[in-house]
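Below is one structure, written out as structure tokens, with a few remarks after it.
Okay, here's the thing in structure tokens:
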């Protein structure tokens, strides 16, 4: 997969950091997720609640880079441990 076809969820990570920073309570599991845009590009983000975050994106209240892009399809998600692990490139659940 070409890197030019993947958008990293900086907005998603920044928004989640505001509500769940590195000092998150023990037991909070972060998830890595990928969304496919109608143009075929992939967006990657992290969250503590995949269904909630997907609903935010679909309602236009998630990452600014996804607003107005059309229907988003969740194509992958996996638990990634804590926030710092979820942000690491190459993380696998």
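Residue numbers (my numbering): 1 to 93. Glycine included, every Cβ here is placed at the ideal spot set by N, Cα and C.
Annotation for residue 79: the continuous beta strand (DSSP E) segment containing it runs 73-81. Here DSSP, grouped into helix, strand and coil, assigns residue 52 to helix. The beta carbon of residue 89 sits closer than 8 Å to no other beta carbon from its chain once the five residues preceding and following it are set aside. Around the beta carbon of residue 52, fewer than 16 other beta carbons lie within 10 angstroms, which makes this residue exposed. Annotated three-state conformation of residue 85 is helix, per DSSP.
Within the same chain, 30, 32, 46, 80 come within 6 Å of residue 86 by CB-CB distance, once the 5 residues on both sides are set aside. For residue 45, the uninterrupted beta strand (DSSP E) run begins and ends at 42-47, by DSSP. The beta carbons of residue 75 and residue 35 sit about 7 Å from each other, so the pair counts as a contact at 8 Å. By the neighbour-count definition (other C-beta atoms within 10 Å, threshold 16), residue 63 is a buried residue.
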